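If you read the sequence shown in the numbering used here, its first letter stands for residue 2, the second for the next number, and so on.
All C-beta atoms in this analysis are idealised placements derived from N, C-alpha and C, irrespective of residue type, glycine included.
Being a predicted model, the structure only gives us computed values, none of them experimental.
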Amino acid sequence: GIKPEWYFMFMFQTLKYIPAHVLFIEGELFGLMGFGLGAIIWTLIPFFDIDEKNKARSKLVTYFGVFALVYIIVLTVLGYVS
């Protein structure tokens with residue numbers, strides 16, 4: 002089968018796991034909207050700079066980053082194994 006470059010593999014795998022229709026939206030379009038939303042959030046992360054008073058937002062950004070990194074690594078490995 003067709004295999005994309007390693008930096009697109011997690012997106013390719015994600016699109017394979019999304020069902021054909023999600024809430025009256027085609028699955029591929031739903032996935033692309035999710036990737037677009039993720040790119041917007043990733044672009045805005047530097048603007049969520051924290052002050053010393055509010056540490057909760059810092060933890061949320063850190064958890065989001067760790068989740069995104071683990072998600073990308075796991076789906077990239079799954080793409081090359083399958």
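Let me know if residue i comes out buried or exposed under the rule of 16 or more other beta-carbons within 10 Å of its beta-carbon.
i     : result
Phe11 : buried
Gly80 : buried
Residue i to residue j, Cα distance in whole Å?
i     : j     : result
Leu45 : Val82 : 33 Å
Glu27 : Phe36 : 14 Å
Ser59 : Val67 : 12 Å
Leu61 : Pro47 : 13 Å
Lys17 : Glu29 : 9 Å
Pro5  : Phe49 : 33 Å
Considering only the alpha carbon of each residue, which of the options lies closest to residue i?
i     : options                    : result
Thr77 : Ile3, Val62, Trp7          : Trp7
Trp43 : Leu70, Ala21, Val23, His22 : Leu70
Let me check you understand the geometry: is the CB of residue i closer than 7 Å to at least one non-hydrogen atom of the ligand PLP?
i    : result
Ile3 : The model on display carries no ligand, and the ligand PLP is accordingly not part of it.
Tell me which residue opens and which closes the alpha helix (DSSP H) that residue i is part of.
i     : result
Trp7  : Unbroken run through Trp7: none, as it is neither H nor E.
Ala40 : 28-45
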